[in-house]
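Heads up: the sequence shown begins at 2 in my numbering, then just goes up one per residue. Structure first, then comments.
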Amino acid sequence: QAVSCPVIMEAPLPFSWTLPRAPYRGPSQSPSLCSGERCSVLLGSIWRTLPTVPAVLPWATCVALAAASSRTRTKSKKKRPGLGFSMKKVFDEPLTDYDSGPKLFEILKYPHPSLRRPNELVTEFGARLKQLSENLFRTMYARDDGCGLAAPQCGVNLRVMVYNYLRTLESINPAGETVFVNPRIVASSEDKDEEVEGCLSFPGFGAPVIRPIWVEVEAVDLEGKPYTKRLEGEEARIFQHEYDHLDGVVYIDHVTEEDRQVIAPQLKKLMSDYSAG
Numbered sequence: 002q003a004v005s006c007p008v009i010m011e012a013p014l015p016f017s018w019t020l021p022r023a024p025y026r027g028p029s030q031s032p033s034l035c036s037g038e039r040c041s042v043l044l045g046s047i048w049r050t051l052p053t054v055p056a057v058l059p060w061a062t063c064v065a066l067a068a069a070s071s072r073t074r075t076k077s078k079k080k081r082p083g084l085g086f087s088m089k090k091v092f093d094e095p096l097t098d099y100d101s102g103p104k105l106f107e108i109l110k111y112p113h114p115s116l117r118r119p120n121e122l123v124t125e126f127g128a129r130l131k132q133l134s135e136n137l138f139r140t141m142y143a144r145d146d147g148c149g150l151a152a153p154q155c156g157v158n159l160r161v162m163v164y165n166y167l168r169t170l171e172s173i174n175p176a177g178e179t180v181f182v183n184p185r186i187v188a189s190s191e192d193k194d195e196e197v198e199g200c201l202s203f204p205g206f207g208a209p210v211i212r213p214i215w216v217e218v219e220a221v222d223l224e225g226k227p228y229t230k231r232l233e234g235e236e237a238r239i240f241q242h243e244y245d246h247l248d249g250v251v252y253i254d255h256v257t258e259e260d261r262q263v264i265a266p267q268l269k270k271l272m273s274d275y276s277a278g
């Protein structure tokens with residue numbers, strides 16, 4: 002998703018149970034299951050509690066009572082009351098109306114399916130593509146810590162990405178705004194370095210990622226004209242982070258197993274939030 006601005010590294014800025022059941026072992030070998038005020042009967046793997054019964058009942062009678070109790074509850078079953086709040090439902094389908102006018106997109110969080118879907122090459126150029134890029138910048142700038150955003154992070158599965166490698170927390174510096182359409186890395190350095198990266202699709206935390214220190218890229222502009230560009234340093238890192246999104250890759254895919262254990266609670270929380278939605 003989005004790469005976080007490199008200016009604050011203490012918290013990297015941005016650049017998706019059930020209880021085990023005991024196996025059923027058949028009826029109890031004791032002559033009676035019921036005694037006292039209540040009776041519990043195992044039907045398959047579901048325990049049911051029966052109303053008050055005589056002191057002792059044979060197994061067959063217990064089963065019959067359990068079935069009758071179940072039918073009674075089924076008929077009188079009422080709708081379960083709400084919990085007093087509701088979570089926003091996750092929309093899993095690709096976004097469609099994304100280039101017809103100015104829009105502020107929702108930035109999708111891991112593990113939303115859009116982050117892993119294949120992304121198509123752009124084949125139509127012009128005003129609507131320009132509008133999409135402007136909407137991506139608008140969405141990115143809506144976050145104080147966003148300096149890069151790829152279309153899949155907003156539910157648009159096209160090979161389009163934007164970033165502003167000059168943005169700081171104090172200034173936008175629009176001279177750093179860059180749009181890549183259908184980019185392709187054609188060369189990269191053997192030398193690599195490691196930096197902590199964050200992502201708008203993984204808000205609130207980051208982890209170290211190793212990447213080449215420069216890359217050479219082929220792409221087309223908003224009018225479909227091809228060009229080649231060499232990127233170095235921090236811009237190269239931001240580009241590679243966003244480029245990964247176009248291939249369905251997220252930055253945690255590059256994180257070592259040791260570092261992944263560190264961020265495991267945050268990942269679990271994201272997956273839990275997504276499932277709840």
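Even for Gly, the Cβ is constructed at its ideal location relative to N, Cα and C. The structure presented is a predicted model; accordingly, all values stated were derived computationally and were not measured.
8 Å Cβ shell around residue i - same chain, five flanking residues per side excluded
| i | result |
| --- | --- |
| residue 135 | 103 |
| residue 254 | 245 |
| residue 257 | 209 |
| residue 176 | 167 |
Inter-residue Cα distance where the pair is residue i and residue j
| i | j | result |
| --- | --- | --- |
| residue 262 | residue 161 | 32 Å |
| residue 200 | residue 190 | 24 Å |
| residue 171 | residue 272 | 33 Å |
| residue 130 | residue 93 | 23 Å |
| residue 205 | residue 108 | 14 Å |
| residue 207 | residue 178 | 23 Å |
| residue 144 | residue 173 | 11 Å |
| residue 153 | residue 240 | 15 Å |
| residue 259 | residue 225 | 43 Å |
| residue 119 | residue 274 | 24 Å |
| residue 270 | residue 127 | 41 Å |
Chain B contact for residue i (CB, 8 Å cutoff)
| i | result |
| --- | --- |
| residue 175 | Checking the listed chains, one finds no chain B in this structure; it contains a single protein chain. |
8 Å contact criterion, which residue i and residue j should meet: CB distance rounded
| i | j | result |
| --- | --- | --- |
| residue 210 | residue 111 | About 15 Å separates the two Cβ atoms, so there is no contact after all. |
| residue 157 | residue 96 | 5 Å |
| residue 148 | residue 106 | Rounded, the Cβ-Cβ distance is 16 Å, inconsistent with contact. |
| residue 100 | residue 133 | 4 Å |
| residue 186 | residue 221 | About 15 Å separates the two Cβ atoms, so there is no contact after all. |
| residue 193 | residue 168 | The Cβ separation is near 24 Å, so there is no contact. |
| residue 141 | residue 123 | Not really, about 19 Å apart at Cβ, beyond 8 Å. |
| residue 180 | residue 232 | Contact flag wrong, Cβ pair sits at about 14 Å. |
Classification of residue i by the beta-carbon crowding that lies within 10 angstroms, buried from 16 upward
| i | result |
| --- | --- |
| residue 151 | buried |
| residue 266 | exposed |
| residue 146 | buried |
| residue 228 | exposed |
| residue 125 | exposed |
| residue 198 | buried |
| residue 234 | exposed |
| residue 137 | buried |
Sequence-distant residues of the same chain with beta carbon closer than 6 Å to residue i, five excluded per side
| i | result |
| --- | --- |
| residue 203 | 111 |
| residue 230 | 218 |
Residues near residue i by beta carbon distance below 7 Å, same chain, minus five either side
| i | result |
| --- | --- |
| residue 236 | 166 |
Within the stretch 184–216, ranges of the beta strand (DSSP E) (whole runs, at least 3 residues): You should have 193–200 and 203–213.
With a floor of 4 residues, list each alpha helix (DSSP H) that falls wholly inside the stretch 125–167, ordered by position along the chain. Complete alpha helix (DSSP H) runs here, min 4: 128–142.
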